[in-house]
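Q: Below: one structure in structure tokens.
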Amino acid sequence: MAVLEVKHLSIQFGGLRAVDDFNLEVDHNELVGLIGPNGAGKTTIFNLLTGVYLPTEGSIHLNNVSTVGKRPSDIVLLGSSRTFQNIRLFKNMTVQDNIKVAYHNRMDYNIFSSIFKTKKYKIEEARANEIARELLEVFDLLEFEQHLAKNLPYGKQRKLEIARALATNPQILLLDEPAAGMNPQETEELMATIKLIKNQFNVSILLIEHDMKLVMGICERIVVIDYGKIIAKGQPKAIRENKNVIKAYLGE
Amino acid sequence: MKLKLTQLKNTLLDPRFINYTIIVTIFLTMFLLIQTNAVNRYIYNLLIMVLIMIVMSTSLNIATGFLGELVLGHAGFMGIGAYTAAILGIALRPYIATDLLLFGASATGAMILAGIAGLLVGTPALRLRGDYLGIMTLGFGEIVRNLITNLSSITNGAQGLSGIPRIMTFSIAFWTTVMIVTIIFLFMNSRHGRAILSIREDEIASESVGINITRYKLLAFVLASMFAGIGGAMFAFKDGFLAPNSFNFLKSVEIFVIVVLGGMGSLSGSIISSIVLVFLPEYLRDFNQYRYLLYSSVLIIIMLYRPQGLMGTKEFDFTKIKAKLTTLVTTIKKRLKKGRE
Amino acid sequence: MELFIRQLINGLNTGSIYALVAIGYTMVYGIIKLINFAHGEIMMFGAYFAFLLAFTLSFNLPFLLVIVLSMSFAAILGVLIERVAYKKLRQAPRISALITAIGMSLFLQHLAQLIFGSTPYVMKPLIDTTPVVLFNFAIPKLTLLTIGLSILFMLLLSFFVLKTKPGKAMRAVSQDKEAAILMGINVDNVISMTFAIGSALGALGGIFYAMTYSQIYPTMGVLPGLKAFIAAVFGGIGSIGGAMLGGYLIGIIETMTKAYISSKWVDVIVFGLLIVILLFKPSGILGKNTKEKV
Ligand SMILES: Nc1ncnc2c1ncn2[C@@H]1O[C@H](COP(=O)(O)OP(=O)(O)OP(=O)(O)O)[C@@H](O)[C@H]1O
Ligand SMILES: [Mg+2]
Chain A
14 MAVLEVKHLS IQFGGLRAVD DFNLEVDHNE LVGLIGPNGA GKTTIFNLLT GVYLPTEGSI
74 HLNNVSTVGK RPSDIVLLGS SRTFQNIRLF KNMTVQDNIK VAYHNRMDYN IFSSIFKTKK
134 YKIEEARANE IARELLEVFD LLEFEQHLAK NLPYGKQRKL EIARALATNP QILLLDEPAA
194 GMNPQETEEL MATIKLIKNQ FNVSILLIEH DMKLVMGICE RIVVIDYGKI IAKGQPKAIR
254 ENKNVIKAYL GE
Chain B
3 MKLKLTQLKN TLLDPRFINY TIIVTIFLTM FLLIQTNAVN RYIYNLLIMV LIMIVMSTSL
63 NIATGFLGEL VLGHAGFMGI GAYTAAILGI ALRPYIATDL LLFGASATGA MILAGIAGLL
123 VGTPALRLRG DYLGIMTLGF GEIVRNLITN LSSITNGAQG LSGIPRIMTF SIAFWTTVMI
183 VTIIFLFMNS RHGRAILSIR EDEIASESVG INITRYKLLA FVLASMFAGI GGAMFAFKDG
243 FLAPNSFNFL KSVEIFVIVV LGGMGSLSGS IISSIVLVFL PEYLRDFNQY RYLLYSSVLI
303 IIMLYRPQGL MGTKEFDFTK IKAKLTTLVT TIKKRLKKGR E
Chain C
2 MELFIRQLIN GLNTGSIYAL VAIGYTMVYG IIKLINFAHG EIMMFGAYFA FLLAFTLSFN
62 LPFLLVIVLS MSFAAILGVL IERVAYKKLR QAPRISALIT AIGMSLFLQH LAQLIFGSTP
122 YVMKPLIDTT PVVLFNFAIP KLTLLTIGLS ILFMLLLSFF VLKTKPGKAM RAVSQDKEAA
182 ILMGINVDNV ISMTFAIGSA LGALGGIFYA MTYSQIYPTM GVLPGLKAFI AAVFGGIGSI
242 GGAMLGGYLI GIIETMTKAY ISSKWVDVIV FGLLIVILLF KPSGILGKNT KEKV
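Dropping the structure here:
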């Protein structure tokens, strides 16, 4: 069964049709790549999927529930979570708190519990700390638990952002250029981490990336768009040899 | 026996225990000073004013420091609280003999009405961002002041409202303040507080991890206005007299400046700068004409050279002082040792 | 009807003043995205300058010279404020810059208090006050002059911004600062120029305000400053035409409220209007909408 089902998705910005009749199904625990030249409309698709933009046409279903018109925070509750092309961390909060904010909806105590420090508050906070520790462990960030997010090196910030997205317990994870700005060795590491996440957390992943080595290396299926339209889809090997794709990337 | 001793030692070193002890010590010291008349009437009033400003600035800190929204009309909520409490206080005096109860009842009313005002202003205002929100709250503050002036059948207008029971003692003010600051502190250290902080840090990211930003913005705004209402109530019962001009734009700015100087997002910063900014101008009275000049220059200079304020977003922690002192002592010991060798 | 027209003329008088002051807010906001809270104080200093030039010198300066000199002094003051307090904060969070502006506003108020004292100076009109009869209406010369000179200066400004090279540089900076730098425009100079022009016009507004109400005192700029700011928001902040339009509208709404409702509700109505505009059209009448990109 498809976790994510997108049909005829389009958005118009004034005269520009940034996404045009986009269709996609992502199955449970599948890793799909979304690629295309600069300005093709990839990030815009993410913004549509997460409710930042309202589509002009088309439908989006997460686990058979329509997300169109819902606010981003409610779409998260339906099981999707994302990272951003230009990292958006809570810079002046600790690494631990970045995770705990994302864990917000999985905790259950009200304002009075926090003011009176009830047992429930203590149990829930302790559990959140535990989960945060486990997540940070996976991403090799545990030693930075009490550091401010802004003081982490770039590569670690990227990792923290992924960890934060996972803390919402998503069924599908949307990663927008996770390898951007990383050196080859960091990218290598990231590939391993993404595979690990997929298995350990049992999630589907939709991945935007320009680094072809990464995309070809880990994606099971790839969708290529250019000028908002799908120009190819299929296995990595087929995509690599597809004429339309080569043309779009090299530009005639 | 040994077990009991370690238990005792643990309790004594528990950070919470240390903080409570220090608060109580401060209270007792002040209380003794007042009882023995070491503190004159004038200083006594200033002390209460400091406490009121602590309530006002820590509450504004929720909206401005933690949530990160520019609010330039905090005095408006204070005014609503003050007049509500005053009118309730006058009306209830014949029925409630105990000062503490009278204050409790009036302050609750003040809190509720200011909170409702916060909800009414916040619901539409929080759609706006940055400067625009600031200007809108400024407009709200001015409207409140004008309404208080114009609705003279209830508020006695520009002449001011007198005959309010003068029940604001140091003890009531002190414990009200401790209670409010503690509540804010505990609230900020919960999942709800973290949600508010995350909105300040990055609204879009916050939404992307499932925070309902509209709800939390409104919550922060309403809490800020509720506590401002209590601050207003304290003010109303202090002098027994209220005038609309006590709640003008300049008052909002004054509260705002305290928050900024203390550090946006630091409660202890707000407390320290409340003390400094209430007392400093009083001691500068000798060169009265220069004091506001100095005050505004300091504001500009701080913004130019230390925009994060006195404390940044950090909290001052008595328990950490001990740790710092210990490391200081050990380094000094080491140095001395080296010197001897 | 006669009352209405009379009020309309009064409204145009007040409106001219607001429009002049609003231009300064809108120009500065357009270029450095800062609400220059100290602008009301520039207005106040402009009035003091005019007073000093007109009444304390041993010789009599002609009216126009008093005005032009006061405007020039105010322009220098405006540029100075920007250089000393705002320049360093251009890259800082906007809230810091805004707080600095509030600080500057308080500083100038108390500086004025220190220099001139808090007792108001009585400002006599600098021209003779005999009314002129126009279409059967006796209109004070001062009113005519206020409206006339304001419009003249606004026309000059429009010509400057639209037709001259420095004016074009100014528009370029307000649209896209980075691009303007790449085009070789000296942004520092453009910002100084903006402050100079805005302050000069603000001072002119202050002089007329002082003559209309016959008083000068250190906090006189606060309320008209806020109202002029509302006018700028009303018209669409960042738009010079909008500031003028907003100024006249606020002026007229204010006098009409005074005449037909009650003078004590003026501020409630004007500030209420501000809130309504912010809620339903925060970009103002002539402003443009902007949205953040994710
Ligand atoms: N809010 C918006 N308003 C108007 N146009 C927009 C908006 N957001 C995106 N666009 C336009 O839509 C097109 C697609 O942008 P998008 O950011 O989705 O590209 P992308 O595929 O992610 O590119 P890159 O690889 O550079 O990140 C671009 O032309 C962009 O300018
Ligand atoms: Mg992109």
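Chains as they are written, first to last, in my numbering: chain A, 14 to 265; chain B, 3 to 343; chain C, 2 to 295.
Note that CB positions come from ideal geometry on N, CA and C, so glycine has one too.
Being a predicted model, the structure only gives us computed values, none of them experimental.
When the cut-off is 8 Å and only beta carbons count, does residue 117/A lie next to chain B?
A: The sequence position of residue 117/A within the first sequence is 104, counting from 1. Chain B, which has a Cβ nearer than 8 Å to the Cβ of residue 117/A, makes this yes.
Q: Can you find a C-beta in chain E that's less than 8 Å from the C-beta of residue 95/A?
A: Protein chains A, B and C are contained in the structure displayed, whereas chain E is not.
Q: Using the C-alpha atoms, what's the distance from residue 194/A back to residue 165/A?
A: For the purposes of this step, residue 165/A is taken as the residue at position 152 of the first sequence. For the purposes of this step, residue 194/A is taken as the residue at position 181 of the first sequence. Residue 165/A and residue 194/A: Cα-Cα distance of roughly 14 Å.
Q: Within 10 Å of its beta-carbon, does residue 244/B have 16 or more other beta-carbons around it, so buried, or fewer, so exposed?
A: Residue numbering aside, residue 244/B sits at position 242 when the second sequence is read from its first letter. That one is buried.
Q: State the DSSP-derived secondary structure class of residue 81/A, mapped to helix, strand or coil.
A: Within the first sequence, numbered from 1, the residue matching residue 81/A stands at position 68. It is coil, neither helix nor strand.
Q: Can you name, in chain order, every residue of its own chain whose Cβ lies under 8 Å from the Cβ of residue 211/B, other than the five neighbours on each side?
A: Residue numbering aside, residue 211/B sits at position 209 when the second sequence is read from its first letter. Counting only Cβ-Cβ distances below 8 Å, and skipping sequence neighbours, we find 200.
Q: Compute the minimum distance between the beta carbon of residue 263/A and the heavy atoms of ligand 1, and state whether it is under 7 Å.
A: For the purposes of this step, residue 263/A is taken as residue 250 along the first sequence, with counting starting at 1. Residue 263/A: no, Cβ never under 7 Å from ligand 1.
Q: Is any heavy atom in ligand 2 found nearer than 7 Å to the beta carbon of residue 96/A?
A: Numbered from its first residue, the first sequence carries residue 96/A at position 83. No - ligand 2 has no heavy atom lying nearer than 7 Å to the Cβ of residue 96/A.
Q: At a CB-CB cut-off below 7 Å, which residues of chain C make contact with residue 132/B?
A: By one-based count along the second sequence, residue 132/B stands at place 130. Chain C residues near residue 132/B: 95.
Q: Using a threshold of 7 Å, is the CB atom of residue 130/C nearer than that to any non-hydrogen atom of ligand 1?
A: To locate residue 130/C, count along the third sequence from 1; it is residue 129. Outside the cutoff, so no.
Q: If we ignore side chains and look at the alpha-carbon of each, how far apart do residue 37/C and residue 279/B end up?
A: Numbered from 1 along the third sequence, position 36 holds the residue referred to as residue 37/C. Numbered from 1 along the second sequence, position 277 holds the residue referred to as residue 279/B. C-alpha separation (whole angstroms): 24 Å.
Q: Roughly how many angstroms separate the alpha carbons of residue 266/C and residue 138/B, rounded to a whole number?
A: Here residue 266/C refers to the residue found at position 265 of the third sequence. Here residue 138/B refers to the residue found at position 136 of the second sequence. Going from the Cα of residue 266/C to the Cα of residue 138/B covers about 18 Å.
Q: Among 145/C, 203/C, 214/C, 276/C, whose alpha-carbon lies nearest the alpha-carbon of residue 10/C?
A: Here residue 10/C refers to the residue found at position 9 of the third sequence. Nearest of 145/C, 203/C, 214/C, 276/C to residue 10/C, Cα basis: 145/C.
Q: Figure out for me which residue from 163/A, 188/A, 220/A has the closest Cα to the Cα of residue 175/A.
A: Taking the first residue of the first sequence as position 1, residue 175/A is located at position 162. Measuring from the Cα of residue 175/A, the nearest candidate turns out to be 188/A.
Q: Could you give the distance in angstroms between the alpha-carbon of residue 254/B and the alpha-carbon of residue 217/C?
A: For the purposes of this step, residue 254/B is identified with residue 252 of the second sequence, where counting begins at 1. For the purposes of this step, residue 217/C is identified with residue 216 of the third sequence, where counting begins at 1. In a straight line, the C-alpha of residue 254/B is about 25 Å away from that of residue 217/C.
Q: Would you give the residue range spanned by the beta strand (DSSP E) that residue 50/A belongs to?
A: As a position in the first sequence, residue 50/A is number 37, starting the count at 1. Per DSSP, residue 50/A belongs to no beta strand (DSSP E) and is neither H nor E.
Q: Out of 136/B, 182/B, 221/B, point me to the one whose CA is closest to residue 1/B's CA.
A: The question about residue 1/B has no answer, for chain B in this structure spans 3 to 343.
Q: Is it the case that the stretch 118–136 of chain B contacts the stretch 271–287 of chain C, given that we only count it when at least three CB pairs across the two stretches are under 8 Å?
A: Flag = yes, the stretch 271–287 of chain C and the stretch 118–136 of chain B touch.
Q: Going by the C-beta, is residue 268/C closer than 7 Å to any heavy atom of ligand 2?
A: As a working note, residue 268/C is residue 267 in the third sequence. The answer is no for residue 268/C.
Q: With a Cβ-Cβ cutoff of 8 Å, do residue 175/C and residue 239/C count as a contact?
A: Taking the third sequence and counting its residues from 1, the one referred to as residue 175/C is at position 174. Taking the third sequence and counting its residues from 1, the one referred to as residue 239/C is at position 238. Yes, the pair counts as a contact, with Cβ atoms nearer than the cut-off.
Q: Tell me the start and end of each unbroken alpha helix (DSSP H) in the stretch 126–180 of chain C that is at least 4 residues and wholly inside, in chain order.
A: Fully enclosed alpha helix (DSSP H) runs of 4 or longer: 142–164, 166–176.
Q: Around the Cβ of residue 176/B, are there at least 16 other Cβ atoms within 10 angstroms (buried) or fewer (exposed)?
A: Looking up residue 176/B in the second sequence gives position 174. Its Cβ being crowded by 16 or more others within 10 Å, residue 176/B is buried.
Q: Quick check: residue 114/C and residue 219/C, are their CB atoms within less than 8 Å of each other?
A: Along the third sequence, read from residue 1 onward, the residue named residue 114/C stands at position 113. Along the third sequence, read from residue 1 onward, the residue named residue 219/C stands at position 218. Their beta carbons are under 8 Å apart, which means residue 114/C touches residue 219/C by this criterion.
Q: Using a Cβ cut-off of 9 Å, which residues of the stretch 128–156 of chain A contact any Cβ in chain B, in chain order?
A: Answer in chain order: 128, 129, 130, 134, 137, 138, 141.
Q: In this structure, does DSSP put residue 287/C in helix, strand or coil?
A: The sequence position of residue 287/C within the third sequence is 286, counting from 1. Coil, per DSSP.
Q: Please report how far the alpha carbon of residue 103/B lies from the alpha carbon of residue 33/B, in whole angstroms.
A: For the purposes of this step, residue 103/B is taken as residue 101 along the second sequence, with counting starting at 1. For the purposes of this step, residue 33/B is taken as residue 31 along the second sequence, with counting starting at 1. Between residue 103/B and residue 33/B, the C-alpha separation is close to 21 Å.
Q: Check distances from the C-beta atoms of the stretch 269–299 of chain B to those of chain C and list, in chain order, the residues that come in under 8 Å.
A: If the cut-off is 8 Å between Cβ atoms, the stretch 269–299 of chain B has 291, 292, 294, 295, 297, 298, 299 near chain C.
Q: Strictly below 7 Å CB to CB, what residues from chain B border residue 89/C?
A: Residue numbering aside, residue 89/C sits at position 88 when the third sequence is read from its first letter. Those within 7 Å of residue 89/C in chain B are 306.
Q: In chain order, what residues of the same chain have a beta carbon less than 6 Å from the beta carbon of residue 255/A, not counting five sequence neighbours either side?
A: Translated into the one-based positions of the first sequence, residue 255/A becomes position 242. 245.
Q: Specify whether the stretch 268–279 of chain B and the stretch 111–121 of chain B touch according to this definition: at least 3 beta carbon pairs, one from each stretch, less than 8 Å apart.
A: No: the two stretches stay apart, fewer than three of their Cβ pairs being nearer than 8 Å.
Q: Closer than 8 Å, Cβ to Cβ, to anything on chain B: give me those residues from the stretch 257–285 of chain C, in chain order.
A: From the stretch 257–285 of chain C, only 265, 266, 268, 269, 272, 273, 275, 276, 279, 280, 283 have a Cβ closer than 8 Å to chain B.
Q: Do residue 288/C and residue 242/C have their C-beta atoms within less than 8 Å of each other?
A: Locating residue 288/C in the third sequence gives position 287, where the first residue counts as 1. Locating residue 242/C in the third sequence gives position 241, where the first residue counts as 1. Contact flag unset, no.
Q: Specify, as a first and last residue, the run of the beta strand (DSSP E) that residue 35/C falls within.
A: Walking along the third sequence from the start, residue 35/C turns up at place 34. Here residue 35/C belongs to no beta strand (DSSP E), and DSSP marks it neither H nor E.
Q: Could you check whether the Cβ of residue 96/B sits closer than 8 Å to any Cβ belonging to chain C?
A: Counting from 1 along the second sequence, the entry for residue 96/B is found at position 94. Output row for residue 96/B: interface = no.
Q: Of all the options 224/A, 133/A, 96/A, 48/A, which has the alpha carbon lying nearest to the alpha carbon of residue 115/A?
A: In the first sequence, residue 115/A corresponds to position 102, counting from 1. If we check each option's Cα against that of residue 115/A, 96/A comes out closest.
Q: Can you give me the Cβ contacts of residue 90/C inside the same chain, cut-off strictly under 7 Å, excluding the 5 residues immediately before and after it?
A: Numbered from its first residue, the third sequence carries residue 90/C at position 89. Closer than 7 Å at the Cβ level, and outside the excluded window around residue 90/C, lie 97, 98, 101.
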